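In UniProt numbering, the protein residues as written are 1 to 246.
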């Protein structure tokens, strides 16, 4: 949904900040996000500066080049993070899942566009207020450093992914990596939900959509995966892992 200004609209369903009466304490993603480092009193302080924002699919949370005036914690849905290159091409930098924080970088402007792939709900915090809160709470600062380290490892993995790997290995690494991210969220399953389309995957891996489709079909034919509505089922995850590690 959009506000009259064209920006994502804050949600208000009669509950405080659009959440249940338990607020941040009962948030379903609290224990898998940086908020896990906070005490009950500190969560109350965080909730006091938060605003719930809902996005429809294809709606942007923020755009590349916009002033980075807020940080966001994803509580529902998936977003693609992409950058427009000088020649007009789009590069998908990655995909943000439940529990991820966006906007923590020190840059004054966003370096990517964050666009919803599904219905998305986020908690929005004004950057100045969030920084002030963090400065008063060393436990939250430590958790943010851990998150920054995790995101750095993801970026390093992306660099490895795009260098010296065959197209088939890239797709296998993507699927195995996504499974590991879902497992961190407590969503371990043999079926991987793929809210992103094959063009998104291709733009992320530096491949063509035809190549991605051909490889997924081959992995299906070789019984490593089974293509199902909305995703893939891992039939032989051990073989897929060996392919990713080769």
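Backbone N, C-alpha and C define an ideal beta-carbon position, used for all residues, glycine too.
Note that the coordinates shown come from a computational prediction; the quantities given were computed from them, not determined experimentally.
Closest Cα partner of residue i within the set the options
i           : options            : result
residue 73  : 85, 121, 90        : 121
residue 79  : 100, 177, 173, 205 : 100
residue 199 : 188, 216, 183      : 216
residue 191 : 52, 221, 176       : 176
residue 53  : 108, 66, 126, 82   : 126
residue 163 : 188, 130, 128, 207 : 207
residue 242 : 214, 172, 195      : 172
residue 104 : 128, 114, 71       : 71
residue 137 : 235, 234, 240, 41  : 41
residue 96  : 86, 210, 118, 84   : 118
Neighbour-count burial assignment, residue i, 16 or more Cβ in a 10 Å radius
i           : result
residue 245 : exposed
residue 112 : buried
residue 189 : exposed
residue 225 : buried
residue 201 : buried
residue 39  : exposed
residue 63  : exposed
residue 114 : buried
residue 203 : buried
residue 77  : buried
Collapsed DSSP secondary structure at residue i in the structure displayed
i           : result
residue 74  : strand
residue 111 : coil
residue 96  : strand
residue 198 : helix
Test item: CB-CB of residue i and residue j under 8 Å
i           : j           : result
residue 180 : residue 230 : no
Quiz prompt | Three-pair Cβ contact test at 8 Å for the stretch 42–49 versus the stretch 128–144 | solution = In this structure the stretch 42–49 lies against the stretch 128–144, because at least three pairs of beta carbons, one per stretch, are closer than 8 Å.
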